[in-house]
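So the structure is just underneath, and the comments pick up after that.
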Amino acid sequence: MTPSIIERLDNGVGLVVRPMRLAPVVALQLWLDAGAADDPDDFPGMAHLLEHLLFKGNPSRRFHDLVATVEAVGGSFEAWTSHDHTVYELLLPSRQARLGLDILADALGPLSVDPDVLEREMSIITQEERQRADDVWTDAADVLVALAFEGHPYGRSVTGDPRKLRRATVDDVVSFHDRLYRGERMTLVVVGDLEPDDVRRDAAETLGALPGGGEPPARDPVPFPPQARVRTAVDVRGNGLATVGLGFRIPGARDPATPALALLDTVLGDGPASLLQAGLVRARELALHVEVAQYPERDGSVLAVIASVAPDKWSDALDAILDVLALLRRSDVPPVDLERARHLIATEALYGAEAVEDVAGRLGFDALATGDPDYEAVFQAQVAATTAGAVREAAATWLRPANLGAVVVLPQEDDEEISDEDIDAARERIRTAVRDRLSDDEPLQASTEPLDVTLACGARLVIRPEPGVPLVAVDAFFPGGQALESERTAGLQQILSRLLLRGAGGMSAAEIDRAIDEMAASVQPYAGADTLGISATFPAADALRGLALVADALRDPTFPEDEFERERRRLLADLRAAESDPFYVAGHELYPRLLPGHPYRFDPRGTPEALGRITHSSLVRAWNDDYPLHRLTIVVSGDVTPDAVRDTLDARLPSDPRSDAAALQAPGAVEAEVPERDQQVVVHGDFAQAYVLFGFRAPGGESDDRHAVSLLVEALAGDTGILMQEVREGRGLAYDVGAEARLPIGQGVVLVHASCDPRDVDAVLATIDDLLDDLAQNGLGPERLAHAQDLLVHSYALDLQRVSDRNRLAARGLFVHGTVPSFESYEQAIRAVTPDQAREVAADLFDPDNAVTIVVLPQDADAAADHHEDLETD
C-alpha cells in the first residue's frame, strides 16, 4: 500500500493524497469536520440543509451551476452528511483534477442564499424524509440509531426536524456556514491518477484561499446519557412482513474493542455460513432476510441486527437472535468461524481498495475519526491479532440491555386491527425477552496471453489475464432465464438459479456455504431477463478452487426437494414483502399492459399462481431440457494462468450427451399497440407520497439503436438531467425523479419515475408528458447530446476499476454481440450517435400509443400529504 501524503495548507486545510493509476479517473473528497451533531438546537437539520444549498446557484460564484460544470467534463458531484462530517465528492477524469479543485473552492467559499431556493430545498428535504420513512428497512435503521443515542447529539436525525428548520432565515444559514466552513475544519482527500506535487500546488492555489488559519477544532467527546434498560419502539404500518431490529451502542473508531466488535458482527451476519444467516434464515426459517451492520461515528457506533420476518414469527425471531447474542457473551467463537471472519474482513479491504472513491472514503473517515488516514493498516493488524477471548469479552461488555434499543414494525392486515394494548404488549414482550437472555447476571504464475477456446463439453471459455490484480472474476452463463417463462412457469428460472448452490458436486448446501466463506468469495447465482448463470469473485489464491465450485454447480446441481420448497416459500414471501414498495406496485400494473404476451412482462420472482403450480419434477425437467453444457459461456478475468483454468474446467465439465440440443431463440419484440384503456391507470396504496411510473417499449440490447436509447435516458436522468432540472429544480414538483433503460435481447423497456406530493400528481404528469413530447419532436440539441455522451463515457471508465465489472462487461458483450468490448470501441460508438439519429429514436421510443403510465396514490391523498408522526419511544 502506498503511504498517504499528509500535510496542512496555510489556512488549515488538511491534505491527504494517494496516487492510484489503474484508470484515468480521480476522486476529490472534501471532508468537513462538522455534521448533524453540530446543528443548532433551534434548527436541527442545518448541516444537511447546507449540503443541499451548496449545489445551488450563488451569484457570488465563478461557476453558477456546479453540477452542470462537473458533468460537462464527464464527472459527477455528490455529497452526504453524517453526524460528524459533511462530505463533498467529485469523480472526474484525472485530467480535470484542477477544475475539480476550482469548483470545490467556489462551492465552499462565501455563501449567498436566495430565499426562494432556501424554501424549495426545505420542501425537498421534507420529501426526502418522507421517502426514507416509506422504506421500512431504512426507517428501522434510523430508529435504532435514534434509540441508541437518545439524549445525545448523535441521536438527532441527519435530515433534522423540517418544522423547526423552516424557521431558519437566510441570515441563520449564512451564520452557520461562516462559523463552520473554515479551512481548519476541512480535509481534502485526493485519490487517483495524478502527481502529488501537482495536487499540492493546485490545492494551495484554490482551497488555500478559503477563510481559515486557526488550529483544527478540539473535539471532546460528549458523554452519553445513562441508560438503565432496553429502549423500545413499536410501529404499525402497511402490510407485508414484520421487521425486527436490535441496535447496540458500541464505542467509536479508535476504541481498543473496535477490532473485536468488527469480528463479532462478521461472525454474526456476514455470509451464508454466519450464525444468523445459517441459523435464523436457512435452518429455522424464522426470517426471510437478516443483516448485521455497524453505523460508525467518531465517538460511538451502533451494531445493528435487522431481520424481515413473517408477522406471526416476530417474537420467535427476536428470541432466536437474542439466544445467539447471549451465546457469544458466554462462549468463545469457534476457531473456524473466527478464522473465517478474519479472512472476510481482510478480503473486504481488498475489494475496497479497487475504486478511487472507495479508497478516498476510507482515508477521509480514518483521517477525521482516528487522526491517521492510513489507520486501515493498523486496524487490519489488530483484527489479525484479536483472540476468541477478546471477542467474547467485547460481546459481554457491549451486548447488554443498558446499551440496547429495539424496534419492531408490525404490518396492519386488512382484517385485523392492532390496538394500543397490542402495542404495549409487544413492547413488554421485547423487554422480557431481553431481560431473560441478556441480563448481566447470566453467567501459479499469471500469463498475459488471452485464451478463447471451446472446452470438451462444448462450452466457450474466454480468459482475460490481468497479472498483479489480486482478485479473479468469473461469469458463467447460459442463454435463457426469464425469456423461457410463461404464465404457468413464471418464477421457475428464479428458483432454478437459487438452487444452483444448494447442493452440487457431492457437497451439501452447508458445505458449499462453508467453502465460499472460507475463500471470502462473492458467488451469486442469478436468473436475468435473457441469461441464467453464476457471477463470482475470488481472491486470486483461491481462483481454481472457486472455479471448481462454479463448474460443479453448473454440471451437477442436485436440486434438493426440501431446498426447492424453501426457496418457493421465500419467493412467495418476497412477493408479499414487495407489496410495501410503491414502485413494485406500479411495475406490477405496468408490465402486463406494456408487454402483453411477452415473457419479460413477469416479475423475475414470478407470480403466486405460477409458483404454486411449479413442481420439483418440472423444475428438474426444465434444467435438463434448457441448459446443456454446450450452451454455456465462461468468462474469467484476473491474475490466473490460462492453462490451469482450462485444465480445471475440462476436468470438471466432461462431454454432455445433450450436445445436439438446438440453439435457443430469443423472444421477439411486442408488436400490438397498447389499448387506450391501458395507457393510464391509477391505483392506491398505503403510502405517504404519490408515485408515477411511465413505461415505453424500447429496442433490445442487440439493436443498433441501443446507444441512442442510452443517451436519451442519460439526458433525462441525473442531477443535471432534463427531469431533475425541470421537474424538481425548476418547479419543485418532486423529490425523486429519474429514468432508466433495461435492454435485454429482443425487447427493451425505458422507465421514467417520480415521487411527489399527492397534490402535485397532475402537474408532474403534464410536465413529464411535455418534456417527452419535446424529445420526440426535437430530439437532443448538440450540447445536451455531447453532455450525455461525456457522462456515459465517464461512467464506463469508472466501471473499469473493479475486475468484477470489467468481467461483467466482457461477458455481456460476448453474449449479445459475440465480442469483448473495449473502452475505445464503446466511446467511439457513443460519440458516433448524431442529433438526427437521437431524434429519430426518440420519436419511436416516446410514442404515447405504445406507452403505459401508472399512478400510485395514497389511500387518502389529502391526509397523507399532511401526515408526519414520530415513533413513540421510551
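Going by my numbering, the first residue of the sequence shown is number 1, and it counts up by one from there. A virtual CB, placed ideally from N, CA and C, is assigned to each residue, including glycine.
Proximity of residue i and residue j at Cβ, strictly below 8 Å
i	j	result
residue 538	residue 472	yes
residue 147	residue 107	no
residue 586	residue 856	yes
residue 478	residue 549	no
residue 342	residue 383	yes
residue 247	residue 405	yes
residue 50	residue 125	no
residue 160	residue 46	yes
residue 409	residue 140	yes
residue 744	residue 780	no
residue 766	residue 738	no
residue 794	residue 100	no
residue 771	residue 722	yes
residue 841	residue 712	yes
residue 272	residue 513	yes
residue 798	residue 91	yes
residue 275	residue 329	no
residue 338	residue 391	yes
residue 389	residue 627	no
Outcome for residue i when other beta-carbon atoms lying within 10 angstroms are tallied against a minimum of 16
i	result
residue 778	exposed
residue 817	exposed
residue 442	Here residue 442 scores only 45 on pLDDT, less than 50, and its place in the model should not be relied on; the value that follows carries that caveat. Under this definition residue 442 is an exposed residue.
residue 858	buried
residue 824	exposed
residue 889	Beyond the ends of the chain as shown, which are 1 and 874, falls residue 889; an answer cannot be given.
residue 642	buried
residue 452	exposed
residue 494	buried
residue 870	Residue confidence for residue 870 is low, a pLDDT of 37 falling below 50, so the modelled location carries little weight; the figure read from the coordinates is stated next. Result: exposed.
residue 524	exposed
residue 720	buried
residue 221	exposed
residue 667	buried
residue 686	buried
residue 706	buried
C-beta neighbour in chain D for residue i, strict 8 Å
i	result
residue 582	Note that chain D does not occur in the displayed structure, where there is just one protein chain.
Nearest-angstrom beta carbon gap, residue j and residue i [assumed within contact, 8 Å]
i	j	result
residue 180	residue 9	Between residue 9 and residue 180 the Cβ distance is about 18 Å, and since that is not below 8 Å, they are no contact.
residue 509	residue 801	So it is not a contact: roughly 33 Å between Cβ atoms.
residue 575	residue 605	6 Å
residue 553	residue 652	At roughly 10 Å, the Cβ-Cβ gap does not stay under 8 Å, so residue 553 and residue 652 are not in contact.
residue 496	residue 536	Not confirmed; about 17 Å, so no contact.
residue 588	residue 747	Not really, about 18 Å apart at Cβ, beyond 8 Å.
residue 879	residue 349	The question about residue 879 has no answer, for the chain in this structure spans 1 to 874.
residue 655	residue 459	Contact doesn't hold; Cβ gap of about 11 Å is too wide.
residue 807	residue 475	5 Å
Query raised in the report: Below 8 Å, can you find three or more Cβ-Cβ pairs linking the region 419-431 to the region 259-274?
Result: no
Query raised in the report: Are three or more beta carbon pairs between the region 528-547 and the region 298-309 nearer than 8 Å?
Result: no
Query raised in the report: Where in the region 784-867 do unbroken runs of the beta strand (DSSP E), each at least 3 residues long, occur, reported from the N-terminal end onward?
Result: 851-858
Query raised in the report: Within the chosen definition, does the region 565-579 reach the region 608-627 through at least 3 CB pairs nearer than 8 Å?
Result: yes
**Report entry** At least three beta-carbon pairs within less than 8 Å, the region 842-860 to the region 689-704
**Finding:** yes
Query raised in the report: What residue ranges within the region 40-92 form continuous alpha helix (DSSP H) runs of no fewer than 4 residues, ordered along the chain?
Result: 46-53, 66-72
Query raised in the report: Considering only residues of the region 380-434, which uninterrupted alpha helix (DSSP H) runs meet the minimum length of 4 residues and lie entirely inside it, listed in chain order?
Result: 388-398
Query raised in the report: Going along the chain, which unbroken runs of the beta strand (DSSP E) with 3 or more residues stay wholly within the region 623-697?
Result: 633-638, 680-685
Query raised in the report: Does the region 83-90 come within contact of the region 355-372, defined as at least 3 CB pairs closer than 8 Å?
Result: yes
Requested in this report: Would you list, in sequence order, the uninterrupted beta strand (DSSP E) runs of no fewer than 3 residues that lie entirely inside the region 202-257?
Outcome: 231-236, 242-251
Query - Completely contained beta strand (DSSP E) runs for the region 249-308, where each covers 3 or more residues - result: 289-296
Report task. Report yes or no: do the region 631-640 and the region 506-518 share at least 3 C-beta pairs separated by less than 8 Å? Result -> no
Query raised in the report: Do the region 174-194 and the region 10-28 make contact, defined as three or more Cβ pairs closer than 8 Å?
Result: yes
Query raised in the report: Does the pairing of the region 309-328 with the region 253-261 give three or more beta-carbon distances under 8 Å?
Result: no
Query raised in the report: Contact between the region 236-246 and the region 577-584: three or more CB pairs below 8 Å?
Result: yes
Query raised in the report: Whole beta strand (DSSP E) runs in the region 449-491 with 3 or more residues, listed along the chain?
Result: 451-454, 460-465, 471-479
Query raised in the report: Is the region 167-178 in contact with the region 111-131, if contact means three or more CB pairs nearer than 8 Å?
Result: yes
Query raised in the report: How do the region 34-45 and the region 151-166 stand: do at least 3 beta-carbon pairs fall below 8 Å, yes or no?
Result: yes
Requested in this report: Evaluate contact between the region 684-692 and the region 700-714, counting only Cβ atoms and requiring at least three cross-stretch pairs below 8 Å.
Outcome: no
Query - 3-residue-minimum beta strand (DSSP E) runs that sit fully inside the region 552-629, ordered along the chain - result: none
Query raised in the report: Does the region 128-138 come within contact of the region 278-287, defined as at least 3 CB pairs closer than 8 Å?
Result: no
Query - Continuous alpha helix (DSSP H) assignments of at least 4 residues falling wholly in the region 511-555 - result: 543-555
Report task. Ignoring anything shorter than 4 residues or poking outside the region 125-204, list the alpha helix (DSSP H) runs there in chain order. Result -> 136-148, 162-165, 170-180
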